[in-house]
Amino acid sequence: RSIDPLSCSLLQSPVNVTVLYETLCPDSVAFITEQLYPAVQQYSTADVIVDFVPFGKGDYTVHPDGSITFSCQHGPEECQGNMVHACAVYHMYYDHVLRLDFVQCAMKEARPDQAGPEVRTGVVRL
């Protein structure tokens with residue numbers, strides 16, 4: 001027997017979802033823009049809170065001198081994009097709707113690692 005998720009009022013609100021993703025990963029782009037964002041839009045913004053971790057399959061090395069280097073599955077451009085997203089979502093901690101809109105908008109860009117003014121003005125409305 002299947003359950004219609006939109007009519008399931010027995011679920012306790014809010015539902016917290018954590019998404020680990022990479023800014024240049026085609027699978028991450030498709031998941032966020034084609035599945036996650038449309039699904040969350042079907043609910044009240046108070047019902048689903050999405051936290052984003054833009055690190056995905058990234059890795060880091062701590063060197064003997066204490067310095068740290070990062071490596072990302074899709075290269076240094078992705079590491080840069082992940083850092084930009086990490087900074088943005090950190091500074092949007094207070095507004096989960098804004099955070100979701102920002103990530104979705106940035107991931108729709110041809111180069112999510114370079115998405116900037118068009119996303120900022122379209123989402124943050126400076």
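Start counting the sequence shown at 1; every next residue gets the next number (full-length UniProt numbering).
All C-beta atoms, glycine included, are put in the ideal place defined by N, C-alpha and C.
Between the beta-carbon of A37 and the beta-carbon of S28, is there less than 7 Å? The question names Ala, but residue 37 in the sequence shown is Tyr. No, they are not a contact pair.
My assumption, with CB atoms under 8 Å, is that V97 sits in contact with F52. Please give the rounded CB distance. That belief does not hold up - the Cβ atoms of V97 and F52 are roughly 13 Å apart, past 8 Å.
Give me the Cα-Cα distance between L126 and M92, rounded to the nearest whole angstrom. The predicted model places L126 with a pLDDT of 34, which falls under 50 and marks its position as unreliable; any figure quoted below should be read in that light. So the alpha carbons of these two residues sit roughly 14 Å apart.
In whole angstroms, what separates the C-alpha of Q80 from that of F70? 10 Å
With DSSP as the reference, identify every bridge partner of F102, one or two as the case may be. DSSP lists no partner for F102.
Just to confirm, is the Cβ distance from T23 to H85 under 7 Å? yes
Under a three-way DSSP split, which group does L24 fall into? coil
Using the Cβ count rule (16 or more neighbours within 10 Å means buried), how would you classify P64? exposed
Where does Q104 land, buried or exposed, given buried means 16+ other C-beta within 10 angstroms? buried
Given D47, which residues of its chain have a CB within under 6 Å of its CB, disregarding the five upstream and five downstream residues? S13, P14
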